[in-house]
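A.B. asks:
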Amino acid sequence: MRYILVTGAYGGMGSKAVSALRQQGFFVFAMDKKVGAPEDNLLPLQADITDAHSIQSAFEKVREVTDELFAVIHFAGVYMLDSLAEIPEESLMLAFRVNFFGAFLINKTFLPLLKSGSRIIIMTSELAPLDPLPFTGIYAVTKGTLDKYAYSLRMELQLLGISVSVMRAGAVDTGMLGVSTEALNRFCGNTRLYSCNAARFRNIVNNVEARRIPPEKVARKMLHILSAKSPAFAYSVNRNPLLLLLNMLPKRLQLFIIRLILKP
């Protein structure tokens, strides 16, 4: 029996990943802030990934079952959309605590259970290596930070025989997209600086998110990484061609295009 820890296990992508893992015969420790009942080959772990004491408590529960994890897979995350000139400080800090610090804390705490041949898989974003669009800056910055952290961690843990990979997913058909729409609507209603611009940006977001993939596709990519003899660092899922095209342009031209589209 091989054991895997999954964070964000009861979310849209996490729940599909957990189902896929169990079907492949893995025992899953399913971590989330709200969890379900224990099932065959599944032990729920109710924990807050931003709280060290909560994570340590979860670690002790895992140690009661096994002293070795084959993989740690990160799906926990939060989406925010706001202007960098207006976002409340507490919201900015929350984004970093969940999207970056949570992954750091999980990896640091559970590292003693990872052996040579173990894997860490981190869900970042297709935006992580790209230049951010207006009003998605806080999300892009936190995911970019997470992506860079993951590469630095891979550099170090390769010396212990542990691989680290990221999945850079684009729009996935989960509840997160509903959260995205709500966040955009809230921003459009609250912003004092960009009201007209934000309304136009809503159309861009809707076009980007229209090209969605089912979460099962992300789960299949996860299984591919777990089965690979030598996993690569980055795996892209559902890259948006318009975002890729924009980022191929010189930054001066990118800025001009955004101004042309959004400026009243």
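The numbering of the sequence shown is this note's numbering, which starts it at 1 and goes up by one. Ideal Cβ placement from N, Cα and C applies to all residues, glycine included. Treat the numbers as computed from the prediction; the structure is a model and nothing was measured.
(1) Suppose the cutoff is 7 Å on Cβ atoms and the five residues either side in sequence are ignored; what does the same chain contact list for ALA52 look like?
(2) Are there 16 or more other CB atoms within 10 angstroms of the CB of ALA37, so buried, or fewer, so exposed?
(3) Determine the closest residue to ARG192 out of GLU86, SER116 and ASN99, with distance taken between C-alpha atoms.
(4) Among ARG259, LYS115 and ALA17, which has the Cα closest to the Cα of LEU157?
(5) Which runs of the beta strand (DSSP E), 3 residues or longer, sit entirely within the stretch 101 to 183?
(6) Quick check: ALA95 and HIS74, are their CB atoms within less than 8 Å of each other?
(7) Going straight from the alpha carbon of PHE201 to that of LEU113, what length do you get?
(8) In the DSSP assignment, find the beta strand (DSSP E) that holds GLN46 and state where it starts and stops.
(9) What span of residues does the beta strand (DSSP E) with LEU69 cover, start to end?
(10) Give the C-beta separation of GLY11 and THR174 to the nearest angstrom, bearing in mind that I take them to be a contact with Cβ-Cβ under 8 Å.
(11) Report yes or no: do three or more beta-carbon pairs, one from the stretch 19 to 32 and one from the stretch 42 to 52, lie closer than 8 Å?
(12) Going by beta-carbon coordinates alone, are PHE100 and LEU146 separated by less than 8 Å?
(13) Hey, quick one: how far does the alpha helix (DSSP H) through ALA9 stretch, first residue to last?
(14) Rank ILE120, THR7, ASN185 and LYS143 by C-alpha distance to the C-alpha of SER230 and give the top, closest one.
(15) Is it right to say LYS221 is buried, meaning 16 or more other beta carbons lie within 10 angstroms of its own, or is it exposed?
(16) Out of ILE261, ARG239, VAL237 and LYS108, which has the shortest C-alpha to C-alpha gap to ASN203?
(17) Taking its Cβ as the centre, do 16 or more other Cβ atoms sit within 10 Å of ASN107, making it buried, or is it exposed?
(18) Please report the straight-line C-alpha distance between VAL237 and VAL218, rounded to a whole angstrom.
(19) According to the neighbour-count rule (16 or more other Cβ atoms, all chains shown, within 10 Å of its Cβ), is SER195 buried or exposed?
(20) Leaving out five residues before and five after ALA140 in sequence, what residues of the same chain have Cβ atoms less than 6 Å from its Cβ?
(21) Who pairs with ASP32 in a beta bridge, going by DSSP?
(22) Rounded to whole angstroms, what's the CA-CA distance from PHE110 to TYR235? Just pull it up for me.
(23) Please name the residue in MET1, ARG22 and VAL35 whose C-alpha comes closest to that of VAL65.
(24) Check this for me: beta carbons of TYR149 and LEU69, under 8 Å apart or not?
(25) How would you write the range of the alpha helix (DSSP H) that VAL65 sits in, first residue to last?
(26) Does the distance from the CB of PHE27 to the CB of TYR151 come in under 8 Å?
(27) Who are the near neighbours of VAL62 in its chain, counting only those whose CB is closer than 6 Å to its CB and skipping five residues on each side?
(28) Please report the distance separating the alpha-carbon of ALA135 from that of GLN254.
C.D. replies: Let me lay it out:
(1) LEU105
(2) exposed
(3) GLU86
(4) LYS115
(5) 114 to 123 and 163 to 169
(6) no
(7) 45 Å
(8) 42 to 46
(9) 69 to 74
(10) 7 Å
(11) yes
(12) yes
(13) No alpha helix (DSSP H) holds ALA9; DSSP gives it neither H nor E.
(14) ILE120
(15) buried
(16) ILE261
(17) buried
(18) 7 Å
(19) exposed
(20) LEU127 and PRO132
(21) GLN46
(22) 23 Å
(23) MET1
(24) no
(25) No alpha helix (DSSP H) holds VAL65; DSSP gives it neither H nor E.
(26) no
(27) PHE29
(28) In the sequence as displayed, the identity of residue 135 is Phe instead of Ala. For PHE135 and GLN254, the distance between alpha carbons rounds to 15 Å.
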